[in-house]
Structure formats: C-alpha cells, structure tokens
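Take 1 as the starting number for the sequence shown in the UniProt record's numbering and just add one per residue. Beta carbons: idealized from backbone N, C-alpha and C, even for Gly. These numbers were taken from a predicted model, which means no experiment stands behind them.
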Amino acid sequence: MGEFSDVRDGTHASPKYVSQGHPMVTSKNLTHSGLDMTDVSFLTDEDFNEINKRSKVSIGDILFGMIGTIGNPVIVDRDDFAIKNVALIKEKTSNPITNKWLLQYLKSPSFNRFIQKENAGGTQKFIALGLIRDMKLRVPEFDEQQKIGAFFKKIDDTIALHQRKLDLLKEQKKGFLQKMFV
C-alpha cells in the first residue's frame, strides 16, 4: 500500500489531556458510520502542534484503527484533531489510486481476513503499521476505481440513511411502549 499511499500513524505517547482544546481521535472513535467525536479527550495547543508535525490529518485522508478496535476505516471530513494509535493513509501526489476505492478495499472481506490473520497481541489486539504499509494491492485503472468507489459510497450512504431511520423507529417504539404501559 505504501507504493500508492503515504502510510504513517499518530502519536504513541500519552499526552497531557485537558478539559478543553483540540480533540484526540483513537480507534474507539472510528465507527462503521464514520468518525464519532462524541467521546474524545482534548489536547493542549502545544501537544496538538507537536503531534501534527508528524501526522497532520487532512480532509480526504483515511484513518484505520490499529490497536484495540482494528479496522473501521473512514475518510476524514474534518481536520481539526490529532490522532493516537491510528493509521493515517494519505494520497501521494503521483498517486494512481482514489481514496474512495481504497476505503472500499479496506472494508472488503479479503482485507478483513488478512487483518484477522495478521493481528497480534493478547488481550489488546493490534496490527503493525509496517504490515499495512507493505501490503501489496492489485489496483484497477483509475476510471474503474472512481466508478467502484462511487458505487459503494452510494450503497454506504443508503445504509446509513436506513440505519438512522431504524434508530428513529426504535426510539418511537420505546416511547409508545412507555406511554402504553405506565
């Protein structure tokens, strides 16, 4: 993958957390539906700037959980946070690969089998950054990548919409049951 993308990770240090500041994203913030910023710790300006010297997150980058919750790749839609123990996959300027296609590849059953086979650790699973960087990819032509990425993004968007509707219906049902059986 390193042939097509710049693959690095966030800090491994334990910065000092504060009550307000810059959000710190970890694997727990990467979900199937995207980046979840509801439960984040916050960093000082100094720690944020230090972490971003090595691993500045930009809109369009891909994040991938490496420790604990492995996987859940997301395309970044904001850039006001730092990362810890998360793979950061950035497009290379000479890159013949689209991040939308790469995201779908990272969500694929074959990639997930590879991750399950290669992850290490006892109670807390992890995947080494070098394994992700050194992974060989069979990449289709650029036009085909765009079509594949757009096709699966449309499906993912439809799934997310239906999931929100399902969640709303479950809440309505809960409300009705509470009113009926009070």
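Proximity winner among the options, relative to residue i (alpha-carbon distances)
i      : options                     : result
ALA13  : GLU3, THR31, ASN85, GLU118  : ASN85
ASP9   : LEU161, LEU88, GLU50, VAL76 : LEU88
MET24  : VAL40, THR31, VAL18, LEU103 : VAL40
ARG138 : ASP156, LEU106, SER33       : LEU106
ILE67  : VAL182, LYS179, LYS125      : LYS125
GLU3   : SER27, ARG164, LYS136       : LYS136
Those residues which DSSP pairs with residue i across a bridge
i      : result
ARG8   : LEU88
ALA120 : PHE126
SER149 : Correcting the residue type first, residue 149 is Gly in the shown sequence and not Ser. BP columns for GLY149 are empty, so no partner.
TYR17  : LEU43
Secondary structure of residue i, DSSP reduced to three states
i      : result
PHE126 : strand
HIS22  : strand
THR158 : helix
GLY175 : helix
ASN72  : strand
LEU137 : coil
SER41  : strand
PHE81  : coil
ILE59  : coil
PHE181 : coil
ILE67  : strand
CB-CB length for residue i against residue j, believed under 8 Å
i      : j      : result
PRO15  : LEU35  : With 8 Å as the limit, PRO15 and LEU35 do not qualify as a contact, their Cβ atoms being about 19 Å apart.
LEU102 : ILE62  : 6 Å
GLU91  : GLY122 : Contact flag wrong, Cβ pair sits at about 35 Å.
Where residue i falls, given that 16 or more other Cβ within 10 Å makes a residue buried
i      : result
ASP80  : exposed
PRO109 : exposed
ILE97  : buried
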